[in-house]
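Numbering (my numbering), first residue to last: 149 to 474. Data first, discussion second: the structure below is written as structure tokens.
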Amino acid sequence: MVRVLCTALNAETGPHFKLLTDAGHECLVPDRSLDLWNNEVLTKTIKGFDAIIAGSEPYPASVIAASPQLRVLARAGVGFDAINLQACDEHKIVVATTPGVNHHAVAEHAIAMLMAIGRGFPALDQEVRRCEWKRIPLPRISECTLGLVGLGRIGQATATRAIGLGMKVLGYDPYPPADFVKQYGITMVSLQDLLAKSDFVSLHSPMTPVTKHLINDKSIATMKDGAVIINTARGPLIDEPALIRALKSGKLRAAGLDVFEVEPLPGDSPLISMPNVLLSGHVAGMDNESHEGTWALGANIIIRLHRGEWPAECIQNLKGVTGWKW
149 MVRVLCTALN
159 AETGPHFKLL
169 TDAGHECLVP
179 DRSLDLWNNE
189 VLTKTIKGFD
199 AIIAGSEPYP
209 ASVIAASPQL
219 RVLARAGVGF
229 DAINLQACDE
239 HKIVVATTPG
249 VNHHAVAEHA
259 IAMLMAIGRG
269 FPALDQEVRR
279 CEWKRIPLPR
289 ISECTLGLVG
299 LGRIGQATAT
309 RAIGLGMKVL
319 GYDPYPPADF
329 VKQYGITMVS
339 LQDLLAKSDF
349 VSLHSPMTPV
359 TKHLINDKSI
369 ATMKDGAVII
379 NTARGPLIDE
389 PALIRALKSG
399 KLRAAGLDVF
409 EVEPLPGDSP
419 LISMPNVLLS
429 GHVAGMDNES
439 HEGTWALGAN
449 IIIRLHRGEW
459 PAECIQNLKG
469 VTGWKW
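Shown next as structure tokens:
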């Protein structure tokens, strides 16, 4: 029997329980009053468990080293930059993600942020509540250009929705999906050209050493004056102090941010008090269907690994766990 802890948010009920128990395993959730972002608390909480269906809490080397029974970390989502892969390799822990489940939710969130900012909803709402009646026109969204940095599943899902709004879509991706690009008439350009020509820029790249601070003082300087940036991918893609400077100076009109360099977003962050920033708390991929889908896929990954199967399409440290067996 495998002991599985599901730390993913809101996972008190769902298909993962039945999947795991039917396979002869145990599935539990932690005490939700605990701060799993605290390394000591997390270490104590996961002690004695063989596998984790993990949320977005970080798993640094210290937590990994203190968890000798742990065999599998199945992240409920596609980002795994909060997990120390090198430490997992050293301790022969399989790190998996759950791709192909929440891309529609993230795309909807990105477009919702784009629409809210593009039509000025946050400011309009507050103006009416203050009994103001300014009625200032804004650019028509269907006449705007959207630049997508990254055309994986989420970028593609965002592209089709933007095209449905009548937007022109530019794309940048080191490995562009040729068939998709051709089918939807997306113009592939360099990152520099995308930033220079886009009214809205939406980030959909993974977080790697190469993409860290992809948006910085230098790249922002090449963007259109008054452009809007949307980030539903990973916080460290943006150099936050550089973004704040650009928003304060008016170089950028606004930003929609679901992810941040430090999470949860500190209460003293300047972003909180900025009226031209729309914030949400790393929830873009969290609709009901995506929740249940990621939990179920995480459970199935654990079940398959215990059976001796190898779901390579979901495993992120294949080389580091070569020859791994339960």
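By construction, the Cβ of each residue, glycine as well, lies at the ideal position given by its N, Cα and C atoms. These numbers come from a predicted model, not from an experiment.
- Per DSSP, reduced to three states, the secondary structure at ASN424 is coil, with no helix or strand assignment.
- Nearest to ASN187 by C-alpha distance, out of PRO206, ASP273 and ALA171, is PRO206.
- DSSP places SER397 in the helix class (H, G or I) of the three-state scheme.
- When the Cα atoms are used, TRP458 and GLU174 turn out to be separated by approximately 21 Å.
- Partner residues in the beta bridge of GLU174, as assigned by DSSP, are ARG151.
- Comparing C-alpha distances from THR245 to each of ARG267, SER204 and ASP273 shows the shortest one belongs to SER204.
- Per DSSP, the beta-bridge partners of GLY404 are ILE378 and LEU426.
- With three or more CB-CB distances shorter than 8 Å, the region 445–461 counts as touching the region 238–254.
- Per DSSP, ALA326 is one residue of the alpha helix (DSSP H) stretching across 326–332.
- Between the alpha carbons of GLU238 and ILE265 lies a distance of about 45 Å.
- Scanning the region 312–370 from its first residue to its last, the whole beta strand (DSSP E) runs of 3-plus residues come out as 316–320 and 348–351.
- In the assembly as shown, TYR320 is a buried residue. Its beta-carbon has 16 or more other beta-carbons within 10 Å.
- DSSP places ARG223 inside the beta strand (DSSP E), whose first and last residues are 220–223.
- GLY203 carries a coil assignment under DSSP once its states are collapsed to helix, strand and coil.
- Distance from ALA255 to ALA224 at the Cβ level is roughly 18 Å; contact not present, criterion being Cβ atoms closer than 8 Å.
- With respect to ILE363, ALA390 sits close: the two C-beta atoms are nearer than 9 Å.
- Contact between ASN424 and ARG401 holds, since their C-beta atoms are separated by about 7 Å, short of 8 Å.
- Rounded to whole angstroms, the gap between the alpha carbons of SER438 and LEU157 is 12 Å.
- The residue from GLY456, LEU221, SER181 and TRP185 with its alpha-carbon nearest to that of LYS473 is GLY456.
- Measuring C-alpha to C-alpha distances from ALA230 to each of GLU275, PRO216 and LEU184 identifies LEU184 as the nearest.
- Bounds of the alpha helix (DSSP H) holding THR442 are 436–454.
- Annotation for GLY266: the continuous alpha helix (DSSP H) segment containing it runs 251–266.
- For ARG309 and GLY303, the gap between their C-alpha atoms comes out near 10 Å.
- The three-state secondary structure of THR293, taken from DSSP, is strand.
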